[in-house]
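Engineer: Take this structure, written in structure tokens, and hold onto it; I'll ask about it next.
Okay, here's the thing in structure tokens:
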């Protein structure tokens, strides 16, 4: 669980950096990655 939270935070930080730099496609990819880790964390919590 800690690993997933760490990966989520890293993706969040990358997304913020991409947004600041105006790199829209990379920003959306980072958001999708964040969504993936969020779903995995919810699955771990549910089980």
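Numbering (my numbering), first residue to last: 1466 to 1512.
For each residue, glycine too, the CB sits at the ideal point set by N, CA and C.
#1: Just the Cα atoms here: how many angstroms apart are residue 1472 and residue 1502?
#2: Can the beta-carbon of residue 1470 be found less than 8 Å from the beta-carbon of residue 1499?
#3: Does DSSP put residue 1482 in a helix, in a strand, or in coil?
#4: Using the rule of at least 16 other Cβ atoms within 10 Å of the residue's Cβ for burial, across every protein chain shown, is residue 1480 buried or exposed?
#5: Taking 6 Å as the limit between beta carbons, can you name the residues of its chain near residue 1486, skipping five residues before and five after?
Structural biologist: The relevant details are as follows:
#1: As a first step, residue 1472 must be located in the chain shown, where it is residue number 7. As a first step, residue 1502 must be located in the chain shown, where it is residue number 37. Using only the alpha carbons, I get a separation of about 7 Å.
#2: Position 5 of the chain shown, counting from 1, holds the residue named residue 1470. Position 34 of the chain shown, counting from 1, holds the residue named residue 1499. No, these two residues do not count as a Cβ contact at 8 Å.
#3: As a first step, residue 1482 must be located in the chain shown, where it is residue number 17. Residue 1482: helix per DSSP, three-state reduction.
#4: Reading the chain shown from its first residue, position 15 is the one you call residue 1480. Buried, by the Cβ-count rule.
#5: Position 21 of the chain shown, counted from the first residue, corresponds to residue 1486. Correct list: empty, nothing qualifies.
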